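Report on one structure; see the data block that follows.
Number of protein chains: 2
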Amino acid sequence: MSKGKKEPERTKRPTSYDVARRAGVSQAAVSRAFSKRGYVGAEARAKIEAAAKELGFRPNALARSLIDKRSRIVAVVIADMYYSFYVAILHQINGALRQAGYQTLLFSIPSSQDLDTIVDDVGDYRVDGIIMVSARLTTDVARMSEALGVPIVLMNRYADQPSVNFVVPDDHQGGRLVAEFMLAAGHHRFAYIAGIEGASTSRDRGDGFRAALPSSPQVKAGDFSYEGGFAATEALMRGPAPPDAIFCASDIMAWAAIDALRHEFGLRAGRDVSVIGYNDAAESRWRNYDLTTVVSSPDSMSHRAVEILSALLDREATPPVQERLRVHLKVRGSARVPSDYEAENVEMETGR
Amino acid sequence: MSKGKKEPERTKRPTSYDVARRAGVSQAAVSRAFSKRGYVGAEARAKIEAAAKELGFRPNALARSLIDKRSRIVAVVIADMYYSFYVAILHQINGALRQAGYQTLLFSIPSSQDLDTIVDDVGDYRVDGIIMVSARLTTDVARMSEALGVPIVLMNRYADQPSVNFVVPDDHQGGRLVAEFMLAAGHHRFAYIAGIEGASTSRDRGDGFRAALPSSPQVKAGDFSYEGGFAATEALMRGPAPPDAIFCASDIMAWAAIDALRHEFGLRAGRDVSVIGYNDAAESRWRNYDLTTVVSSPDSMSHRAVEILSALLDREATPPVQERLRVHLKVRGSARVPSDYEAENVEMETGR
DNA sequence: CTGAAAGCGCTTACAG
DNA sequence: CTGAAAGCGCTTACAG
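Those sequence lines, one after another, are chains V and E. Using the numbering used here, the final residue of the first sequence is 356, and nothing's skipped along the way. Using the numbering used here, the final residue of the second sequence is 356, and nothing's skipped along the way.
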């Protein structure tokens, strides 16, 4: 229609040749001035910097990547992102990557089922590496890494393959911590609301919990979702042996448990039944939840993931790099507190 | 340490020359075969495709961007992302961009204050365009667009600059919808919990609300946060004229209002006081909240944002493109329902 | 210290 | 239809 109007002319950005011309030096000198490690005389450098500033020149990172074989782009693959814990992780990864000099190419996929649909895109942009965080993991990560020729670091969850790199919370320890706390508080009838089958998080948290308990807890799958946690809680409470202490494999299911107890059974978490979660997502501090939970610090996990990937990229580490990060229990009001309880890795929420 | 071990050799990916050699054609032919619009004979094409498949060849998108001046990368800038509504938006944008053939370079910044720190990074990677979604907006977007030479589309929030592109919910309409609904339910003492000063969302929602009310509502700032919404609700209820109907500029503040009413005043939203929010984020469907709220469809907003940017990039549109999307009210249990209420843009939650 | 030149992996006129 | 050649914006040995 308004083809006649003056179109928004995409302003062409200056190149190193433009700067060279203006500064009266060679294009190579400009390149050296901008790539730290090159020799440039003091006055040449001054002229170049002045010219670059006037022109608003900044080197084209894409062109550079072509020659030095490093795009400085990292693919971050994240599935099932609706839980706020993953948002915190994503935010932290992005910040850590930027600080380390990398950019984040985002692949937010509906579920990890769809992982295969993105490997072409990931590959086409020649990312230097991949960080993956997803609830379920159906793909052969090792093969994917091989096919793309770049290292992959898994976060929060590991795969049952010998050669993959990962950084996860020490979930077994987390489960034990919860069991010991509940035992000290005098609970007797334990239940575990698991996540989804096959997830290392769900399995290890449950194993640690069970290992520290005198008898086996009841177990119900909660699907790592609010609805799943709600239904699991209902089933447990209507069952033949309602538990007096429920450990949930993730906070979101614990919130659901608290809501189910209140709205379906008129029970209050912390007084009638103890509920403990995992992750310490933001909502756990909300007045309605005030959740006692295991802190798995998305910030340190994210930073380690980036450090590991960095080391792998700089050939300063050899895969597999596999780390389990220490966790601790944050005590709030959703679970009965043992009197005079003192233990390592347990921290009372101050204030309130 | 283990420098002696065989290092993980980064496998070099094949180039168009490798494919050409194997297929017995020129490199140019390979390029043409992969760039739709080029002429390649049927048998040449067959040989090329076979060779490419054997070698696992895919064109280097970064190299291509150099020559055709389109990186097909879009920067998505998102601040204050802790609210789940923004997560949904981010996910939708990413999906829509991928479908349109673009990749997402993520810039998740602590707050929009930090916007300036990322423009260099955004520029260095020669993104084709920018989509911005943030709670506050302190930067001169028009100038930023000018400086980088690429179009910017704002989402959910607009700026008071004549030339910016944006797509937002029709917030004035949303505010009116809420007022009419509350009036029909027989409420008399209205309150508005605003977000932050200067945000178009907060202003327009409040203006629409006020415009449809017979008298001015009380107003308290809630900072678009849980804590802020909680404090605002407390202040209102302890004030000289406790409201019987509270409209919150965003869901997260409405959840806080519901919790504050229950835990601080022993009141139930929907029975004692009506609470209505804005956005229909996932938590609003949780049993504890069951929030009546204005639906501002992050999915359609995201798709439109991508379409607009696309059109701008293809020179099929001239800035500014400014759109306000129709909203509707989703009726759940947190606000009294007028008897026999029927209105356009009001939808009862089915089921339960 | 500095410039000329080659090359990274592509696309695109331009001849044949 | 197809190949040779130039060029995108850089970096990096290599001579001077």
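Glycine is no exception: its CB is placed at the ideal position from the N, C-alpha and C atoms. Only a predicted model underlies this, so the values are computations on that prediction, with no experimental measurement involved.
Residues of chain E with a Cβ closer than 7 Å to the Cβ of residue 234 of chain V are, in chain order, 291. Proximity of residue 91 of chain V to chain E, defined by a Cβ-Cβ separation below 7 Å, is satisfied. Annotation for residue 237 of chain E: 261, 264 place their beta carbon closer than 6 Å to its own, counting only its chain and skipping 5 residues before and after. Separation of the CB atoms of residue 168 of chain E and residue 308 of chain E is rounded to 15 Å, and the pair is thereby denied contact status at 8 Å. As the crow flies, the alpha-carbon of residue 30 of chain E is around 29 Å from that of residue 65 of chain V. About 6 Å separates the beta carbons of residue 255 of chain V and residue 297 of chain V, which is inside the 8 Å limit, making them a contact pair. Within the segment 93-110 of chain V, those residues whose Cβ lies closer than 8 Å to any Cβ of chain E are, in chain order, 94, 95, 98, 99, 102, 107, 108, 109, 110. Its Cα nearest to that of residue 88 of chain E, the residue E/259 stands out among E/272, E/68, E/259. Distance check between residue 277 of chain E and each of E/94, E/193, E/253 places E/193 closest, using alpha-carbon atoms only.
Contact with chain V is found for residue 65 of chain E, since one of that chain's Cβ atoms lies less than 7 Å from the residue's Cβ. Counting the other Cβ atoms within 10 Å of the Cβ of residue 114 of chain E gives fewer than 16, which makes it exposed. Under the Cβ criterion (8 Å, minimum of three pairs), the segment 53-72 of chain E counts as touching the segment 21-39 of chain E.
Taken through DSSP and simplified to helix, strand or coil, residue 150 of chain V comes out as helix. Residue 252 of chain E and residue 203 of chain E have their C-alpha atoms roughly 14 Å apart. CA-to-CA, the gap between residue 17 of chain V and residue 43 of chain V works out to about 25 Å. Sorting V/59, V/149, V/95, V/231 by C-alpha distance to the C-alpha of residue 108 of chain V places V/95 at the top. At the C-beta level, residue 128 of chain V and residue 62 of chain E come within 7 Å of one another. A Cβ-Cβ separation of about 6 Å places residue 331 of chain V in contact with residue 299 of chain V under the 8 Å criterion. The Cβ-Cβ distance between residue 23 of chain V and residue 55 of chain V falls below 7 Å. Think of a sphere of 9 Å around the beta carbon of residue 307 of chain E: no beta carbon from chain V falls inside it, the nearest being about 15 Å out.
For residue 278 of chain E, DSSP records a beta bridge to E/249. In the DSSP assignment, residue 83 of chain E falls within the unbroken beta strand (DSSP E) covering 77-83. Around the beta-carbon of residue 305 of chain E, 16 or more other beta-carbon atoms lie within 10 Å, marking it buried. Look at the segment 119-178 of chain E and you find these whole runs of alpha helix (DSSP H), each 4 residues long or longer: 123-128, 145-152. Contact check for residue 302 of chain E and residue 93 of chain E: beta-carbon distance about 4 Å, within the 8 Å limit, so the pair qualifies. Contact annotation: residue 48 of chain E and residue 33 of chain E have beta-carbon atoms nearer than 7 Å.
A distance below 7 Å separates the beta carbons of residue 112 of chain V and residue 82 of chain V. For residue 230 of chain V, the secondary structure class from DSSP, reduced to helix, strand or coil, is helix. At a cut-off of 7 Å between C-beta atoms, residue 254 of chain V does not count as an interface residue with respect to chain E.
Secondary structure note for residue 92 of chain V: its alpha helix (DSSP H) is the uninterrupted segment 88-103.
Proximity of the segment 181-199 of chain E to the segment 341-353 of chain E meets the contact definition, three or more beta-carbon pairs being nearer than 8 Å.
Of all residues in the segment 276-288 of chain E, only 286, 287 place a beta-carbon less than 9 Å from a beta-carbon of chain V. Secondary-structure assignment with DSSP links residue 71 of chain V through no beta bridge to anything. Using a Cβ-Cβ cut-off of 7 Å, residue 21 of chain V does not count as an interface residue toward chain E, since no Cβ of chain E sits closer than that to its own.
In chain order, 337, 338, 339, 340 place their CB closer than 7 Å to the CB of residue 274 of chain V, counting only its own chain and leaving out the 5 sequence neighbours on each side. Comparing C-alpha distances from residue 228 of chain E to each of E/268, E/211, E/219, E/283 shows the shortest one belongs to E/283.
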